[in-house]
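Here the structure is laid out as structure tokens; the discussion comes afterwards.
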Amino acid sequence: MNRPFNFSAGPATIPLEVLNRAGAEIADWHGTGMGVMEMSHRGASFGEILNGTLATVREVLAVPEDFEILFMQGGGLAENAIVPMNLCGVENPKVDVAVTGSWSQKSLTEAKRYADVQLAFDGKAHQFHTVARTGDWALRPDATYVHVCSNETIHGVEFQTLPDLKALGITAPLVIDCSSHIASRPVEWDKVGLAFAGAQKNLGPAGVTMVFVRKSLLDQAMGICPSAFQYKLVAANTSMYNTPPTYGIYMVGLVFEWLKAQGGIAAIEAQNIAKTNLLYGAIDRSDFYRNEVDPAFRSRMNVPFLLADEALNERFLAEAKAANLLSLKGHKSVGGMRASIYNAMPLSGVEALVSFMQDFERRL
Ligand SMILES: *Cc1c(COP(=O)(O)O)cnc(C)c1O
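All letters in the sequence shown, in the order written, are residues -16 to 347 by the numbering used here.
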């Protein structure tokens, strides 16, 4: 098999070791004679898988005990509604949202259906290339929660450190959409009230969404919140209020075991830094390619870049594909290219991309 390097933003590349292990176990999980997809979610085998996965996630991500870890469905976009439905059951709910790219823009729009929403920061005024200091955001002292997208997958903007609301005297919990960088770096749990992530970027297959929510936030759901999406009910039933996405949970478990075998979050973070240094370094040293994001906010996971001559885009993509480097086309809203280099993208993949880029430039 000639496995290409897949730079897709999501669903995205999964570690080959994980795919091989899932493949080996597809029809017979641990001698049960059954595949994970066929098992009752109430049975002992799946119970072992779920509990093992929860324990590994808690250990690898160092999730404090006062957070519930939930497996849900609906992806990141559904959480844009599920979060307000779970937190806005208070008088005059107010949600402050920092818009740093397309994903937080969607969160802001959706939250308006449930709460009085304020734009805390508007990155559009800066072409989404940078983010103002949190102290300069328009934050309300009585906000119900503050929402940020901690890594903007399309614009390639990442918070290197999360907003410290407490330091600003704001007691509202911080909600982070960390769909596209979860498990790529440590989480500053002390700053977080709730974190959610669709799995298909860094954790496994599409169809399972992880939610990390402080237990103290479980009692403020709106009356209209569907039972299956109520964090309190889902938590009380260990993510089995209804049938959970069993196979996705199993795959997430394998990915976290893989992360642990890599040396955990510290080791994968070091690897991610090495990959980004290589790629941004090559882009910055060239006049042929450019990345316009403020270096203080450049994403380690999603690297958008433009060719100086946009007329060469199609040729770049065709030749990259011929070199086994796939899915480098940028999102239509920003154009150009985007290399998504999640945890599962090996350093050798980034080396191959950089050497292709340099060769492409040289040949013109
Ligand atoms: C991909 C992504 C989403 C959307 O996930 P869906 O599963 O398609 O709903 C939301 N937020 C961010 C930051 C993402 O990268």
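Think of the CB as a built atom: it goes at the ideal place given N, C-alpha and C, for glycine as much as any other residue. None of these values were measured; they are calculated from a predicted model.
Asked                                                                                                              : Found
Minimum length 4: unbroken alpha helix (DSSP H) runs contained in the segment 118 to 176                           : none
Nearest-angstrom Cα separation, counted from serine 269 out to leucine 336                                         : 14 Å
Buried or exposed by the 16-neighbour rule on C-beta atoms within 10 Å, applied to leucine 44                      : buried
Proximity test, glutamine 183 beta-carbon vs ligand 1 heavy atom, cut-off 7 Å                                      : yes
Outcome for glycine 319 when other beta-carbon atoms lying within 10 angstroms are tallied against a minimum of 16 : buried
For valine 100 and valine 80, believed in contact at Cβ under 8 Å, the rounded distance                            : 6 Å
Spatially closest choice to alanine 189 from Tyr233, Gly206 and Trp172, by CA coordinates                          : Tyr233
Which listed residue (Pro227, Leu122 and Val46) has its alpha carbon closest to that of alanine 150                : Leu122
Helix, strand or coil at methionine 223 [DSSP, three-state]                                                        : coil
As assigned by DSSP and simplified to three states, the class of aspartate 342                                     : helix
Cβ separation of valine 1 and valine 238, assumed to be a contact under 8 Å, to the nearest whole Å                : 6 Å
Beta-carbon gap between alanine 166 and leucine 186 smaller than 8 Å                                               : yes
Tryptophan 86 CB to nearest heavy atom of ligand 1 below 7 Å                                                       : yes
Expected contact under 8 Å - CB spacing of valine 196 and isoleucine 159 to nearest Å                              : The pair is not a contact, with the Cβ atoms about 11 Å apart (cut-off 8 Å).
N-terminal and C-terminal residue of the beta strand (DSSP E) that threonine 92 is part of                         : First-last for threonine 92: 85 to 94, but that is the alpha helix (DSSP H), not the beta strand (DSSP E).
Uninterrupted beta strand (DSSP E) stretches inside the segment 239 to 310 (no shorter than 3 residues)            : 285 to 290
Validate contact between the segment 114 to 121 and the segment 87 to 94 using beta carbons, cut 8 Å, 3 pairs      : no
Integer-rounded CB distance, given that leucine 70 should sit under 8 Å from glutamine 203                         : 6 Å
Element boundaries [alpha helix (DSSP H), containing glutamate 42]                                                 : 27 to 44
Proline 47 versus aspartate 342: straight-line alpha-carbon distance, rounded                                      : 47 Å
Per DSSP, the bridge partner or partners of leucine 102                                                            : Val80
Exposed unless 16 or more other CB atoms sit within 10 angstroms - verdict on glycine 6                            : exposed
Backbone secondary structure at isoleucine 65 - three-state DSSP                                                   : helix
Residue closest to histidine 314, alpha-carbon to alpha-carbon, out of Ser85, Met205 and Tyr224                    : Ser85
Near ligand 1: alanine 64 beta-carbon under 7 Å from a heavy atom                                                  : no
Reference alanine -8, options Val170, Asn326 and Tyr263, closest by Cα                                             : Asn326
Contact check, asparagine 307 vs phenylalanine -12, beta carbons under 8 Å                                         : yes
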